[in-house]
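Peer 1: Residue numbers (our numbering): 592 to 1156.
Beta carbons: idealized from backbone N, C-alpha and C, even for Gly.
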């Protein structure tokens, strides 16, 4: 049953008011009576009736003026106004509708028709109320959704950026097609100062795509800080995505490990566009096409984490980007494409190649009009080492160390040497020592340098002199990969022991490899400032960090003593 209406009846003739009021009351509605236009406006302001029956010719203010004023008072609320008038010309009807009337009846009033009009307007008014209520509910939902999305966006940005300032070596741009981006760019350093970079592109758009990359960022940051290799991180990322997400929510990604000291770039590209190393003259020195499918598609047994490594001999930049850049279209439906990308990378400008590329893309299609997430990263790769660990005059740690001795020993055979990421595993054991951040980084660097030296020059019998020949670094890396893949014999033994000497706690490291050894005395006597070449620089740096460093036997056994307090 329809809700009874409160109807404002306006007429300057008393008999007409009485007749219409009685008829409306018989229909079950209530009436408010006004005898001129001004009185009608005042009563509307006070009573806010559901409908108005308006005479036209009245003293003080006519019906047209009164209706116009009532429409102003009503604002966005719709209140039906039916004109009741003796004026029956078409022009009168048109004027009535123009000032805001909804219908027009001529006098004498045909009561059954008036009843039908009221019923029709009542039905429309009911629909309007429903629409208004739904609009109010929708506005509340929209406001709540805005608050939730703003909170989600804030949390996602905090997690992805991890409260870290942008690294000055990295230029980046992420433009989401919607509020949330399924693309992410993250950087982090390992304890031995290798920069890890990931540019990931999740399937889809919006919040669902942004949620897809959350586990990617979490694993990337955590494992990088612990010193895991790029290959190990990629395998864990694939496993995590495969475990948490349905297959259609895969994540394409390109990951890079940049060793500024050795001037090497290690790349894993899974389903992303070609990455480029461009020197400062605009020449493309190396490219990495996608050698693997995106993460989250293949099982761990079938997944390959093989990386490709490049040594730069001239300063330049590593460029990574998502497919949203090269697939972006202008108004004519033409794609930006790889050719325009390469043309932009070859150009020189005062702001640098990165910003020239951004400007070229914006000029071509307008980045604000992108229909897919767009992300671009450029990592500056100079000739001079960046951010090396430097021994500083820092006061000894005041964290208490237990005086009891403890020891860890492990022997790695060829299968483990090929695939086991031993350094983070060793660091986990060292966590019981309550190391400071400085100690953590220094011990990781010592372990990393001594272990890699034992593997490369001991077990694999590689000669560092090869690095100094023309294109020698690349051949050195290829030879290392080949020898490690074919390794059948050889081993490395690692011992970590916490010892006390004169009530001072130390960490004793011993590494023995199965190689033929080398003449270590010449390197141990070098000064770090004169060790410009990569060969031997690591051992000299390790020596400055340790209380004692000595090689024994034929040079295949090294013992390092590191003071913990």
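Entirely within the segment 829-916 and at least 3 residues each: give me those beta strand (DSSP E) ranges in chain order.
Peer 2: 842-850, 855-861, 866-870, 875-879, 899-902, 907-912
Peer 1: Exposed or buried, what is residue 1020 when buried is set at 16 or more other beta-carbons lying within 10 Å of its beta-carbon?
Peer 2: Locating residue 1020 in the chain shown gives position 429, counting from the first residue. The residue is exposed, with fewer than 16 neighbouring Cβ atoms inside 10 Å.
Peer 1: State the CB to CB distance for the pair residue 998 and residue 944, rounded to an integer number of angstroms; the pair is presumed to be in contact (CB under 8 Å).
Peer 2: Taking the chain shown and counting its residues from 1, the one referred to as residue 998 is at position 407. Taking the chain shown and counting its residues from 1, the one referred to as residue 944 is at position 353. Not really, about 52 Å apart at Cβ, beyond 8 Å.
Peer 1: Would you mind giving the Cβ-Cβ distance between residue 914 and residue 766, rounded to the nearest angstrom? I have them listed as a contact below 8 Å.
Peer 2: By one-based count along the chain shown, residue 914 stands at place 323. By one-based count along the chain shown, residue 766 stands at place 175. A Cβ-Cβ separation of about 13 Å leaves residue 914 out of contact with residue 766 under the 8 Å criterion.
Peer 1: In this structure, how does DSSP classify residue 922 when only helix, strand and coil are distinguished?
Peer 2: As a position in the chain shown, residue 922 is number 331, starting the count at 1. Reduced to three states, the DSSP call for residue 922 is coil.
Peer 1: Can the beta-carbon of residue 939 be found less than 8 Å from the beta-carbon of residue 873?
Peer 2: Position 348 of the chain shown holds residue 939. Position 282 of the chain shown holds residue 873. Yes, these two residues count as a Cβ contact at 8 Å.
Peer 1: Would you give the residue range spanned by the beta strand (DSSP E) that residue 956 belongs to?
Peer 2: Position 365 of the chain shown holds residue 956. Looking at the DSSP string, residue 956 is not in any beta strand (DSSP E); the run it does join, the alpha helix (DSSP H), is 944-956.
Peer 1: Would you give the residue range spanned by the alpha helix (DSSP H) that residue 1015 belongs to?
Peer 2: Residue numbering aside, residue 1015 sits at position 424 when the chain shown is read from its first letter. Looking at the DSSP string, the run of the alpha helix (DSSP H) that includes residue 1015 is 1013-1021.
Peer 1: Which of helix, strand or coil does DSSP assign to residue 738?
Peer 2: The count along the chain shown starts at 1 and reaches residue 738 at position 147. Helix, per DSSP.
Peer 1: Apart from the five residues just before and just after residue 1129, which ones in its own chain have a Cβ nearer than 6 Å to its Cβ?
Peer 2: Here residue 1129 refers to the residue found at position 538 of the chain shown. For residue 1129, where only same-chain residues beyond five positions count, the Cβ hits under 6 Å are 1040.
Peer 1: Just to confirm my understanding: we take residue 973, look at its own chain, exclude 5 residues before and 5 after, and list those with CB closer than 7 Å. What are they?
Peer 2: For the purposes of this step, residue 973 is taken as the residue at position 382 of the chain shown. So the list reads 906, once near-sequence residues are dropped.
Peer 1: Might you give, ordered along the chain, the residues of its own chain that have their beta carbon closer than 6 Å to the beta carbon of residue 621, omitting 5 neighbours on each side?
Peer 2: Sequence index remark: in the chain shown, residue 621 carries index 30 (1-based). Same-chain partners within the cutoff: 597.
Peer 1: Give me, in chain order, the residues of the same chain whose beta-carbon lies closer than 7 Å to that of residue 830; leave out the 5 immediate sequence neighbours on both sides.
Peer 2: Position 239 of the chain shown, counted from the first residue, corresponds to residue 830. Counting only Cβ-Cβ distances below 7 Å, and skipping sequence neighbours, we find 891.
Peer 1: Taking the alpha carbon of residue 1036 as the reference point, which residue from 1109, 850, 1091 has its own alpha carbon closest?
Peer 2: What you label residue 1036 is simply residue 445 of the chain shown in a count that begins at 1. Residue 850 is the option with its Cα nearest to residue 1036.
Peer 1: So, helix, strand or coil for residue 1005, using DSSP?
Peer 2: Residue mapping note: residue 1005 aligns to position 414 of the chain shown, counting from 1. Three-state result, residue 1005: helix.
Peer 1: Starting from residue 1201 and walking both ways along the beta strand (DSSP E), at which residues does that stretch end?
Peer 2: Absent from the structure is residue 1201, since the part of the chain shown begins at 592 and ends at 1156.
Peer 1: Tell me which residues share the same chain as residue 1138 and place their Cβ nearer than 6 Å to its Cβ, disregarding the 5 neighbours each side in the sequence.
Peer 2: Reading the chain shown from its first residue, position 547 is the one you call residue 1138. 1152, 1154, listed in sequence order.
Peer 1: Specify the secondary structure class of residue 702 as computed by DSSP and reduced to three states.
Peer 2: Sequence index remark: in the chain shown, residue 702 carries index 111 (1-based). Residue 702 falls in the helix class under three-state DSSP.
Peer 1: Who pairs with residue 786 in a beta bridge, going by DSSP?
Peer 2: On the chain shown, residue 786 is found 195 positions in, with the first residue counted as 1. Partner(s): 780, 849.
Peer 1: Thinking just about the alpha-carbon of each residue, which of 1029, 1015, 1053 is nearest to the one in residue 1038?
Peer 2: On the chain shown, position 447 is the one that residue 1038 refers to. Residue 1038 has its Cα closest to that of 1015, out of 1029, 1015, 1053.
Peer 1: Compute the distance between the beta-carbons of residue 886 and residue 828, then report whether it is under 8 Å.
Peer 2: Against the chain shown, residue 886 aligns to sequence position 295. Against the chain shown, residue 828 aligns to sequence position 237. A contact, by the Cβ cut-off of 8 Å.
Peer 1: Start and end of the alpha helix (DSSP H) containing residue 935?
Peer 2: Locating residue 935 in the chain shown gives position 344, where the first residue counts as 1. Note, residue 935: alpha helix (DSSP H), 928-937.
Peer 1: Counting Cβ pairs, one atom from each stretch, are 3 or more of them under 8 Å apart for the segment 808-816 and the segment 1057-1077?
Peer 2: Inter-segment contact for the segment 808-816 and the segment 1057-1077 is absent: fewer than three beta-carbon pairs are separated by less than 8 Å.
Peer 1: Where DSSP assigns a beta bridge to residue 613, which residues make up the other side?
Peer 2: Indexing the chain shown from 1 puts residue 613 at position 22. Its beta-bridge partners do not exist; DSSP assigns none.
Peer 1: Just verifying my parser: in three-state terms, what is the DSSP assignment at residue 1061?
Peer 2: Within the chain shown, numbered from 1, the residue matching residue 1061 stands at position 470. Residue 1061 falls in the coil class under three-state DSSP.
Peer 1: How long is the line joining the alpha carbons of residue 904 and residue 854, rounded to whole angstroms?
Peer 2: On the chain shown, position 313 is the one that residue 904 refers to. On the chain shown, position 263 is the one that residue 854 refers to. In a straight line, the C-alpha of residue 904 is about 8 Å away from that of residue 854.
Peer 1: Would you list the one or two residues that DSSP bridges to residue 971?
Peer 2: Start at 1 with the first residue of the chain shown, and residue 971 comes out as number 380. In DSSP, residue 971 forms a bridge with 908.
Peer 1: Excluding the 5 residues flanking residue 896 on each side, which residues of the same chain have their C-beta closer than 7 Å to its C-beta?
Peer 2: Here the question's residue 896 lines up with position 305 in the chain shown. For residue 896, where only same-chain residues beyond five positions count, the Cβ hits under 7 Å are 822, 825, 826, 859.
Peer 1: Between residue 619 and residue 655, is the Cβ-Cβ spacing less than 8 Å?
Peer 2: As a first step, residue 619 is located in the chain shown; it is residue number 28 there, counting from the start. As a first step, residue 655 is located in the chain shown; it is residue number 64 there, counting from the start. The criterion of a C-beta distance shorter than 8 Å is not satisfied by residue 619 and residue 655.
Peer 1: Which partner residues does residue 1133 have in the DSSP bridge list?
Peer 2: As a first step, residue 1133 must be located in the chain shown, where it is residue number 542. Paired residues: none, contrary to the question.
Peer 1: When you compare only the Cα positions, how much space is there between residue 1054 and residue 1048?
Peer 2: Along the chain shown, read from residue 1 onward, the residue named residue 1054 stands at position 463. Along the chain shown, read from residue 1 onward, the residue named residue 1048 stands at position 457. Between residue 1054 and residue 1048, the alpha-carbon positions lie close to 6 Å from each other.
Peer 1: Kindly indicate which residue of 787, 841, 1024 has the alpha-carbon position closest to the one of residue 805.
Peer 2: Within the chain shown, the letter at position 214 stands for residue 805. Minimum Cα distance to residue 805 is reached at 841.
Peer 1: At what residues does the beta strand (DSSP E) containing residue 1096 begin and finish?
Peer 2: Numbered from 1 along the chain shown, position 505 holds the residue referred to as residue 1096. It spans 1095-1104 - the beta strand (DSSP E) in which residue 1096 sits, taken as one unbroken run.
Peer 1: Give me the Cα-Cα distance between residue 1085 and residue 797, rounded to the nearest whole angstrom.
Peer 2: Within the chain shown, the letter at position 494 stands for residue 1085. Within the chain shown, the letter at position 206 stands for residue 797. Cα to Cα, the separation comes out at about 48 Å.
Peer 1: By the 10 Å Cβ neighbour count, where 16 or more other Cβ atoms means buried, how is residue 731 classified, buried or exposed?
Peer 2: The count along the chain shown starts at 1 and reaches residue 731 at position 140. The residue in question, residue 731, is exposed, as its Cβ has fewer than 16 Cβ neighbours within 10 Å.
Peer 1: For residue 594 and residue 714, what's the separation of their Cα atoms in angstroms?
Peer 2: The residue labelled residue 594 in the question sits at position 3 within the chain shown. The residue labelled residue 714 in the question sits at position 123 within the chain shown. One C-alpha to the other measures close to 10 Å.
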